[in-house]
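Under the working numbering, the first residue of the sequence shown carries the number 684, and numbering increases by one thereafter.
Just so it is clear, CB atoms sit at the ideal spot from N, CA and C, and this is done for glycine as well.
Owing to the predicted nature of the structure, the values given are computational and were not obtained by experimental measurement.
Below is one structure, written out as structure tokens; the observations come after it.
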Amino acid sequence: MAVEAENGNKQNGREIVLGRNVHTTCLEVTEPEANDEFTGDKEAYMASVLARYRKNLMERTQHHLGYPYNLDFDYGALGQLQHFSINNLGDPFIESNYGVHSRQFEVGVLDWFARLWEIEKSEYWGYITNCGTEGNLHGILVGREVFPDGILYASRDSHYSVFKAARMYRMDCVKVDCLVSGEIDCADFKVKLLANKDKPAIINVNIGTTVKGAVDDLDLVIQTLEESGFSQDRFYIHCDGALFGLMMPFVKRAPKVTFQKPIGSVSVSGHKFMGCPMPCGVQLTRMKHINVLSSNVEYLASRDATIMGSRNGHAPIFLWYTLNRKGYKGFQKEVQKCLRNAYYLKDRLRDAGH
Ligand SMILES: *Cc1c(COP(=O)(O)O)cnc(C)c1O
């Protein structure tokens, strides 16, 4: 599994020395000749750098293992759009005065996810983010705006972006223990809720933890909140589905993520299971929450409810393209294939005596 630079300072056996960044693999920028714009030599040099880089990418992609990315894609048809500076800055549902955008694709993708997570078009708000982290930063911010004095609860195995959000927003954050599987331990959750009964609860629920792939039991989390005396107007649940958000709907007996349950937001990564070749993600929340968060920015002629300002306008087109090509059924097949492969690997490892 991916080694993410969390707290440890060893990565792949290499020592990381803070404050001493490594520059040895840097491709130095060389200034163009002073008198003319571009010499043939320079052009040839740049072409050779790019060709070597492409070869390296091909080689590295062949041995791509450990990161949960879907590499089964062909976006050749989208090459023609590379020449445009597509930017969806601002709110996906409100046209800004920047004309080169792809909001029509973005909203199409969001509607697809709204159907998947069972929320009416008129009741949700969302946007395509720059990564899974941005989805968590947004979901937790919405929770904080709904409950300004709320305490953030997250299992110890939660992604580091959750704890980063707590630091950025200066929220009180309570770490909840995990079971051996990596799921949140609801017995410990209950103890910690009861110790803070006077404050609303904002909970990060993991739909697939980064290292163990553990899925928190959403139903048990909700039940624990209710048993501890937290009514629905005193808690906010953000589901971090960066890893498995798009896999769980196709896994039998998995706890279902749906806005029919009292959750506030869900996020999923676009560059993991969906196979977008650039980092991105999808974030959905309830419209009623977003009104608490947003304010108007005059020069955009839009609403300001996103974390980022300018937003990648290419990413929504890639997501739209892959959803059209593979669709619900296609992703279902891929999930089944992944599970078959996982069982196969487990059996072979067991045969080999592990
Ligand atoms: C990958 C991941 C994230 C964040 O993803 P980035 O796109 O790298 O920001 C968040 N949560 C979980 C569980 C993840 O696996």
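*Are the beta-carbon atoms of Trp1003 and Gly791 separated by less than 8 Å?*
yes
*Distance, Cα to Cα, Ala1025 vs Leu1032?*
11 Å
*Backbone secondary structure at Glu1017 - three-state DSSP*: helix
*Length of the line joining the Cα atoms of Arg703 and Glu711*: 18 Å
*Keeping to the same chain, check which residues put their C-beta closer than 6 Å to that of Val1018; ignore five residues upstream and five downstream.*
Met930 and Phe933
*Out of curiosity, what's the CA-to-CA distance linking Val975 and Gly723?*
57 Å
*Given Tyr1027, which residues of its chain have a CB within under 6 Å of its CB, disregarding the five upstream and five downstream residues?*
none
*Phe776 versus Asp1030 - alpha carbon distance*: 49 Å
*Going by the CB atoms, is the gap between Gly818 and Ala925 shorter than 8 Å?*
yes
*What is the DSSP secondary structure of Tyr776, reduced to helix, strand or coil?*
Looking at the sequence shown, residue 776 is not Tyr but Phe. Three-state DSSP puts Phe776 in coil, outside helix and strand.
_Which of the three DSSP states is assigned to Thr941 in this structure?_
coil
*Determine the contact status of Asn813 and Cys963, defining contact as a CB-CB distance below 8 Å.*
yes
_Is Cys861 near ligand 1 - that is, is its Cβ less than 7 Å away from at least one heavy atom of it?_
no
*Taking just the CA atoms, how far does Cys856 sit from Asn690?*
Because Asn690 carries a pLDDT of 45, less than 50, the predicted location of this residue cannot be relied on, and no value is offered for it.
_Tell me whether Pro962, by its Cβ, gets closer than 7 Å to a heavy atom of ligand 1._
yes
*Quick one: is the Cβ of Thr892 within less than 7 Å of any heavy atom of ligand 1?*
yes
*Indicate the three-state DSSP secondary structure (helix, strand or coil) for Asn1007 in the structure shown.*
helix
*For the alpha helix (DSSP H) holding Cys869, just list the boundary residues, first then last.*
Cys869 to Ala878
*Give a single yes or no on whether Gly822 has its beta carbon closer than 7 Å to a heavy atom of ligand 1.*
no
*Pro883 and Gly833 look like a contact to me (Cβ under 8 Å); what is the Cβ gap, rounded to whole Å?*
4 Å
_Cα-Cα separation between Ala688 and Ile699, rounded to whole angstroms_ = Caution applies to Ala688, whose pLDDT of 44 falls short of 50 and renders its modelled position unreliable; the model cannot decide the point.
*Looking at Thr707 and ligand 1, is the gap between the Cβ and the nearest heavy atom below 7 Å?*
no
*Please confirm if the region 914 to 921 is in contact with the region 779 to 797, defined as three or more CB-CB distances below 8 Å between the two stretches.*
no
*Just tell me which of Ile886, Val732, Asp881 and Lys895 has its CA closest to the CA of Cys869.*
Ile886
_Taking the straight line between their C-alpha atoms, what separation do you get for Met741 and Ile867?_
39 Å
*List the DSSP bridge partners of Asn995.*
Asn770
*asked:* Could you give the first and the last residue of the continuous alpha helix (DSSP H) run that contains Gly815?
replied: Gly815 to Val829
*Do you know whose CA, among Val940, Thr708, Lys875 and Asn889, lies nearest Asp840's CA?*
Asn889
*asked:* Taking the straight line between their C-alpha atoms, what separation do you get for Lys955 and Asn1007?
replied: 17 Å
*Out of Glu726, Phe830 and His997, point me to the one whose CA is closest to Ala760's CA.*
His997
*If you compare alpha carbons, which of Leu1022, His766, Gln1015 and Phe1001 is closest to Phe788?*
Phe1001
*Could you tell me the distance, in whole angstroms, from the CA atom of Thr816 to the CA atom of Val845?*
8 Å
_Start-to-end residues for the alpha helix (DSSP H) that takes in Arg853_ = It is not in any alpha helix (DSSP H) - Arg853 carries neither H nor E in the DSSP assignment.
_Span of the alpha helix (DSSP H), counted from its first residue to its last, around Asp724_ = Gly723 to Gln745
*Go ahead and pull the three-state DSSP assignment for Cys709.*
coil
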